[in-house]
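Positions in the sequence shown are counted from 1; adding 1393 to them yields our numbering.
See below for the structure under consideration.
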Amino acid sequence: MEECCSTKAKQNHHHDHDHDSHDHDHSHDTGNQSVFKMFLPAIISFGLLLAGIMLDYLIKTDWFTGWIRLVWYLVAYIPVGLPVLKEAWESITHGDVFSEFFLMGIATVGAFAIGEYPEGVAVMLFYSVGEVFQGMAVTRAKSNIKSLLDQRPDEVTVIKDGKPQIVKAENVNVGEIIQLKSGEKLGLDGELLSETASFNTAALTGESKPDTKIKGDLVLAGMINLNTLSQVKVNAAYKDSKLSRILELVQNATAQKAPTELFIRKFAKIYTPIVVFLAIAITLLPYFFVDEYYFSEWLYRALIFLVISCPCALVISIPLGYFGGIGAGSRNGILFKGSNFLDVLANVQNVVMDKTGTLTEGVFKVQETVFKNEVDKDEILKLVNALESKSSHPVATAIHEYVGEPDHSVDLNDVEEIPGRGLKSTINDKELLVGNLKLMDQFNIRYDVNTENIIYTLIAVAYDKKFAGYLTIADEIKPDAQSAINKLKNLHVKTTMLSGDKTSVVKHVADQLGILNAYGDLLPEDKVDKVKEIKAKRETVAFVGDGVNDAPVVALSDVGIAMGGLGSDATIETADVVIQDDKPGKIPMAINIGKQTKKIVWQNIMLAFVVKAAVLILGAGGLATMWEAVFADVGVALLAILNAVRIQRMTFTSE
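Below, the structure written as structure tokens:
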């Protein structure tokens, strides 16, 4: 039988939880502060600065000189400067001397030292305003991600002693019954007790189309009941719900940094101290080469140089771009486990897909049953049905639907699942084999079946060392599978289909979808070999599957994409990317989100480097003032942030 599943216990994808533990962590997260409270220090500083400039240039009073003028500007400086100087000191105590706070600190203190009080205050003021805007952007990105997923109500209605009672969702025990009114959100995972109910699953899948559930179906926290009063039996604690796990994974997704992000962080650590030493050189070296050397003039140039060198535009806007990409995925029912996987998908060259459950529905139906005349068809089907009850494979479900409820009185002994082939058991001291023709060959069972005329999946049956006959089952191609393949082609991504199903079935599906590379009759180790062949060409591979049985293939791939995130806890825990609604159309969408994120990140890198380089040269030559320096730092940072948040507003479609 087909090994149709594919998530991973991946060994070679390391989780980078090293947040530069020796460095001061500056998250730019403003938390729950009000906008007025965040801007209050800047407002006070701006008011005092404006008054000081008016006293300097417009009113020109005699008393506004000397120590009074110095104290006035110091008071204007303290609300915005003190927090930055404090951050600089904390960074130094954590071993990170050349931080952006240190640069702004020595630049503005230096401006005061040479008597440029208004410029010292202005630089720190604009820097602080920029920091607030950056903090607001990061907080918004985080809250957008959280609001997309944290859809759990705080309270639920529980039936106790036949009466509805409102209780805290976190206090509800497994086994209790929740009553759900029309329009209410479900607070915990559970089993539907009502005969039927329709739910909006957008919080989990990004798909707003109603999903109708029947009695016994699994319903999940975050789903919204759309019609009649329903009852749900809780089967998982509040903290163990799938929505809780997904939320936790998304919030922790930035722990795995993209190579671009890691490079910028390392680069900033190297280039910032270099700029500091260059600034010292700009201050002192001209003494040996310039006839009319004025220390204050060259110190001013050096201070400008330092302000420009702040790496804030890079170290904030780039992570913010990845935040946006992760958020865009969450909004569309795609869970990225880290920004590194956005980068991998942006450059992926091959998408290798399992067939069943990925491109096809994974819901088989028996098409025909062909048994030898001497075989009691009803009896053999009863035995086959009993044996298949020991398997969770979609084939087993199809046989149960065709034959009916398994007869549990059948005495099954030595039940064994043979990977990629089928099931074996002993009944009444006679061997029963149910699987593909490879299973028949393995046990030397002779059969007379013309497989060329059978395009459906064939399930062979042997009993008491004799071939008894076969069943054929068929699966339907998912509605959006065709458009998904076409979009992957438009993205210049090569597609390959690997399956344990028989070759004729695989070729039939591949021909319908336009997939050139398709291989059937594969054991798990054969799939590994096929992926190794692609990797040998030094090409990147994303593997897409729908369960947990293809771990070797997934471990080999550069990124594992799991279908069926709502159906498997293991999938959510172990895959790199989870598509939560089983739609193949989300595969090219995920790649496109990766590409757009990477484009925005590199736009920000180029913007920051070009502007900073230009103003650095002008500053060193004495052609730029502190105001140009402020633009090169704060202005570029704000432009980069505005560019980064664009991805949160982009519309991605899977149609």
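From the three backbone atoms N, C-alpha and C, an ideal C-beta is built for every residue, glycine too.
Among the options, nearest to residue i - alpha-carbon criterion
| i | options | result |
| --- | --- | --- |
| Asp1800 | Ser1575, Ser1784, Asn1620, Ala1779 | Ala1779 |
| Thr1501 | Asp1489, Tyr1470, Val1490, Val1464 | Tyr1470 |
| Gly1615 | Ser1732, Glu1548, Val2008, Thr1762 | Glu1548 |
| Asp1804 | Pro1434, Lys1823, Gly1815 | Lys1823 |
| Ser1732 | Lys1748, Ser1723, Pro1712 | Pro1712 |
| Val2023 | Ile1436, Asn1593, Ser1521 | Ser1521 |
| Asn1766 | Ala1861, Thr1850, Gly1813 | Ala1861 |
| Asn1725 | Val1937, Asp1975, Met1833 | Asp1975 |
| Phe2002 | Ser1710, Leu1696, Phe1836 | Ser1710 |
| Arg1462 | Ser1591, Pro1472, Gly1445 | Gly1445 |
| Lys1626 | Pro1546, Glu1584, Val1759, Thr1605 | Glu1584 |
| Val1759 | Tyr1840, Thr1850, Ser1818, Leu1699 | Thr1850 |
| Tyr1795 | Glu1761, Ser1784, Leu1816 | Glu1761 |
| Pro1346 | Val1777, Met1431, Lys1920, Gly1755 | Since the first residue shown for the chain is 1394 and the last is 2048, residue 1346 is missing from the structure and cannot be characterised. |
| Asn1997 | Leu2011, Ala2033, Glu2021 | Ala2033 |
| Lys1882 | Ile1908, Lys1859, Ala1867, Leu1735 | Ile1908 |
| Phe1670 | Ala1695, Ser1784, Leu1832 | Ala1695 |
| Gly1513 | Val1468, Thr1550, Val1551, Ser1484 | Val1468 |
| Leu1442 | Phe1429, Pro1472, Gly1459, Ile2040 | Pro1472 |
Short Cβ contact (8 Å threshold) for residue i with residue j
| i | j | result |
| --- | --- | --- |
| Val1934 | Ser1950 | yes |
| Ile1773 | Val1854 | yes |
| Asp1969 | Val1952 | yes |
| Pro1977 | Ala1874 | yes |
| Met1890 | Leu1738 | no |
| Leu1699 | Ala1672 | yes |
| Val2004 | Ala2025 | yes |
| Ile1507 | Met2019 | no |
| Cys1703 | Leu1496 | yes |
| Ala2037 | Gly1720 | no |
| Thr1990 | Ile1927 | no |
Neighbourhood of residue i by C-beta distance below 7 Å, restricted to the same chain and skipping five residues each side
| i | result |
| --- | --- |
| Gly1960 | For Gly1960, the predicted structure reports a pLDDT of 48, less than 50, and the residue's modelled location is therefore unreliable. The matter cannot be settled from this model. |
| Gly1498 | Val1477, Leu1478, Ala1481 |
| Ser1474 | According to the sequence displayed, residue 1474 carries Gly and not Ser. Thr1501, Met1517. |
| Leu1448 | Thr1454, Phe1457 |
| Asp1857 | Lys1823, Glu1824 |
Contacts around residue i, its chain only, beta-carbon distance under 6 Å, and the 5 residues preceding and following it disregarded
| i | result |
| --- | --- |
| Glu1395 | Because the pLDDT at Glu1395 is just 40, under 50, the model does not fix this residue reliably, and the point stays unresolved. |
| His1419 | Reliability fails at His1419, whose pLDDT of 48 lies under 50, so the model's placement of it is uncertain and the value that follows must be treated cautiously. Contacts found: none. |
| Ser1591 | Pro1603, Thr1605, Leu1619, Asn1620 |
| Lys1920 | Leu1891, Val1946 |
Environment of residue i [buried if 16+ CB atoms lie within 10 Å]
| i | result |
| --- | --- |
| Arg1931 | exposed |
| Ile1980 | buried |
| Pro1659 | The amino acid occupying residue 1659 in the given sequence is Lys; Pro does not appear at that position. Counting Cβ neighbours within 10 Å, Lys1659 comes out exposed, since fewer than 16 surround it. |
| Asn1743 | buried |
| Trp1465 | buried |
| Tyr1693 | buried |
| Asp1807 | exposed |
| Ala2030 | buried |
| Phe1519 | buried |
| Met1999 | exposed |
| Ser1637 | buried |
| Asn1821 | exposed |
| Val1683 | exposed |
| Ala1877 | buried |
| Gln1558 | exposed |
| Ala1435 | buried |
| Asn1985 | buried |
| Leu1573 | buried |
| Lys1561 | exposed |
| Arg1814 | buried |
| Asp1771 | exposed |
| Val1827 | buried |
| Gln2058 | Any answer about residue 2058 is impossible in this case: the structure gives the chain only from 1394 up to 2048. |
| Thr1676 | buried |
| Lys1817 | buried |
| Phe1491 | buried |
Own chain residues within Cβ distance below 8 Å of residue i, not counting five before or after
| i | result |
| --- | --- |
| Ile1848 | Ser1897, Val1898, His1901 |
| Ser1575 | Asn1618, Leu1619, Asn1620, Thr1621, Leu1622 |
Cβ-heavy atom distance, residue i to the ligand HEM, below 7 Å
| i | result |
| --- | --- |
| Leu1573 | This structure does not include the ligand HEM; it has no bound ligands of any sort. |
Runs of beta strand (DSSP E) wholly within the region 1762 to 1810 (minimum 3 residues, chain order): none
Quick check for students: name the residue ranges of the beta strand (DSSP E) that lie wholly in the region 1712 to 1744, counting only runs of 3 or more. 1727 to 1729
Threshold first: 3 residues or longer. Then list the beta strand (DSSP E) segments lying entirely within the region 1891 to 1917, N to C. You should have 1910 to 1912.
Just list the alpha helix (DSSP H) runs in the region 1826 to 1858, keeping only unbroken ones of 4 residues or longer that don't cross its boundaries, in chain order. 1830 to 1835
Which ranges does the alpha helix (DSSP H) cover as unbroken runs of at least 4 residues, wholly within the region 1480 to 1511, from first to last along the chain? 1493 to 1506
Whole runs of the beta strand (DSSP E) within the region 1564 to 1631, excluding any shorter than 3 residues: 1570 to 1573, 1583 to 1585, 1589 to 1593, 1604 to 1607, 1623 to 1627
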